[in-house]
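J.:
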Amino acid sequence: MDRMSDNNKIHRGLEPEVTEKLRHQAAELNQSIESGDYARAMVLINELGEVRDQSLYREVGRLTRTLHESIRNFQIDPRSAEQKEVLSMMTDASDRLAYVVQMTGQAANRTMDLVEESMPVANAVRDEASALREEWQRLRRREMQPAEFRELYGRIDDFFVSLTKDADTIYSSLSEILLAQDFQDLTGQVIQRVTTLVKDVEEQMLSLVVMASHVDQLTGTVHQIDSEEVSAEQGVGPQMKAEEREDVVSGQNDVDDLLSSLGF
Amino acid sequence: MKILIVDDFSTMRRIIKNLLRDLGFTNTDEADDGNTALPMLKSGKYDFLVTDWNMPGMSGFDLLKAVRADDSLKTLPVLMVTAEAKRDQIVAAAQAGVNGYVVKPFTAAVLKEKIEKIFERIQ
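Chains as they are written, first to last, in my numbering: chain A, 1 to 264; chain B, 1 to 123.
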């Protein structure tokens with residue numbers, strides 16, 4: 001079964017003119033042997049080998065060209081002069097991915113700066129509002145002396161002023177946080193480019209493997225391929241498609257269930 | 001309560017630091033892998049360790065094992081906050097003596113719940 005599908009791939013891999021030549025030369029070889037012309041047979045066997053080698057070289061050449069083009073075409077479309085300058089400095093995928101790490105890191109830090117600035121403002125507003133509310137309740141219960149009331153009067157006035165200012169501060173932090181998410185556009189483009197390159201390379205590698213298996217079959221080579229167990233002890237990072245996998249938890253609930261089944 | 005936060009990404013350390021501050025834990029230090037964390041733990045009198053798993057240098061799992069093997073540190077509560085999600089890994093961490101395991105991405109509520117649970121058990 002496997003052999004048959006391999007054979008199909010091989011036939012698809014060879015060009016019609018090559019197979020035609022092979023068929024022709026094989027028939028001629030057969031004829032020379034039948035008629036006892038061994039010298040001619042030897043020449044034909046050499047020629048057959050050359051046909052094989054040449055079609056192999058042609059395939060390898062094609063692969064090399066395609067790989068080279070994939071890498072050369074791996075360019076992002078810069079939309080501004082500034083982007084152009086930044087992006088022209090990056091020539092390979094690892095530089096691009098490092099750029100993604102840098103951009104996302106910057107955005108995360110900018111966002112956290114703004115959040116850390118806004119939190120004390122929100123806390124101060126909350127504290128003053130609840131203090132004023134207590135005073136207000138005292139006033140409503142008629143427990144307040146006129147002097148205290150005058151003080152409260154001024155404090156409420158101040159609170160309205162600072163409330164407007166603090167709300168503006170929080171609002172502008174929020175809109176800056178919104179803007180800090182603009183990295184997604186650039187990093188998204190970069191990652192899509194890298195993904196396309198990886199897919200192209202993957203496809204080319206697959207064709208190379210198919211071609212190599214062709215050569216193996218012609219030369220009768222059998223490879224011993226040992227599958228390597230990767231140790232999870234050093235950590236392997238986030239798992240993809242966790243929902244579809246049995247050996248991976250798909251969230252905190254799974255972790256908790258697993259740990260409680262172990263007596264945690 | 002003195003807490004050491006170990007993660008190779010400064011953003012994640014900062015998030016955890018902020019969440020811990022909201023929970024009332026303001027005395028925190030940071031380290032970026034096990035190799036930096038271990039000497040700090042040995043000399044710093046920490047009460048609690050929050051660590052990632054996958055880090056260059058010494059991983060959080062190796063750090064956990066080193067902590068449990070050290071006489072002065074072996075009772076230190078350890079919470080793992082990590083993206084490592086293989087069942088085998090969680091079982092291994094449990095066997096190595098982890099006190100809690102939070103899988104990334106996580107929420108503030110989950111972190112709070114796990115920390116409180118660990119302290120309840122200790123008291």
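From the three backbone atoms N, C-alpha and C, an ideal C-beta is built for every residue, glycine too.
Keep in mind the model is a prediction, meaning the values are calculated, not measured.
With a threshold of 7 Å on Cβ separation, who are the neighbours of residue 122 of chain B within its own chain once the five nearest residues in sequence on each side are excluded?
T.: Within the same chain, residue 122 of chain B has close Cβ partners 77.
J.: When you compare the CB positions of residue 54 of chain B and residue 237 of chain A, do they come within less than 8 Å of one another, or not?
T.: The answer is yes: Cβ separation under 8 Å.
J.: Is the distance from the Cβ of residue 112 of chain A to the Cβ of residue 14 of chain B below 8 Å?
T.: Yes. Within cutoff.
J.: Excluding sequence positions up to five away, which residues of its chain have a Cβ less than 6 Å from the Cβ of residue 32 of chain A?
T.: If we look at residue 32 of chain A and ignore the five residues flanking it on each side, its Cβ neighbours are 40, 41.
J.: Whole angstroms is fine: what's the gap from residue 58 of chain A's alpha carbon to residue 23 of chain A's?
T.: One C-alpha to the other measures close to 19 Å.
J.: Please name the residue, chosen from B/40, B/42, B/64, that lies closest to residue 101 of chain B on a Cα-to-Cα basis.
T.: Here the closest residue by C-alpha is B/64.
J.: Who are the near neighbours of residue 177 of chain A in its chain, counting only those whose CB is closer than 6 Å to its CB and skipping five residues on each side?
T.: 111, 114.
J.: For residue 50 of chain B, which residues does DSSP report across the bridge?
T.: Bridge partners of residue 50 of chain B: B/5, B/79.
J.: Is residue 99 of chain B helix, strand or coil when you go by DSSP?
T.: Coil.
J.: Pairing CB atoms from the region 70-89 of chain B with CB atoms from the region 36-49 of chain B, are three or more of them under 8 Å?
T.: Counting Cβ pairs under 8 Å, three or more are found: they touch.
J.: Consult DSSP for residue 222 of chain A and reduce its assignment to one of helix, strand or coil.
T.: Residue state, collapsed to three classes: coil.
J.: State the DSSP-derived secondary structure class of residue 248 of chain A, mapped to helix, strand or coil.
T.: In the structure shown, residue 248 of chain A sits in a strand (DSSP, three-state: E or B).
J.: Starting from the Cα of residue 98 of chain A, find the closest Cα among A/187, A/196, A/256 and give me that residue.
T.: Of the candidates A/187, A/196, A/256, the one whose C-alpha sits nearest the C-alpha of residue 98 of chain A is A/187.
J.: Consult DSSP for residue 29 of chain B and reduce its assignment to one of helix, strand or coil.
T.: Three-state DSSP puts residue 29 of chain B in a strand.
J.: Between residue 135 of chain A and the rest of its own chain, which residues show a CB-CB distance below 6 Å, the 5 nearest in sequence each way excluded?
T.: 152, listed in sequence order.
J.: Can a CB atom of chain B be found closer than 8 Å to the CB of residue 117 of chain A?
T.: No, no contact with chain B.
J.: Helix, strand or coil, according to DSSP, for residue 86 of chain B in the structure here?
T.: Three-state result, residue 86 of chain B: strand.
J.: Taking CB distances under 8 Å as the criterion, tell me whether residue 75 of chain B reaches chain A.
T.: By this cut-off, residue 75 of chain B is not an interface position.
J.: In angstroms, rounded to a whole number, what distance separates the CA positions of residue 4 of chain B and residue 102 of chain A?
T.: Spanning the two alpha carbons is a distance of roughly 25 Å.
J.: For residue 52 of chain A and residue 224 of chain A, what's the separation of their Cα atoms in angstroms?
T.: Going from the Cα of residue 52 of chain A to the Cα of residue 224 of chain A covers about 25 Å.
J.: Suppose the cutoff is 6 Å on Cβ atoms and the five residues either side in sequence are ignored; what does the same chain contact list for residue 202 of chain A look like?
T.: There are no such residues.
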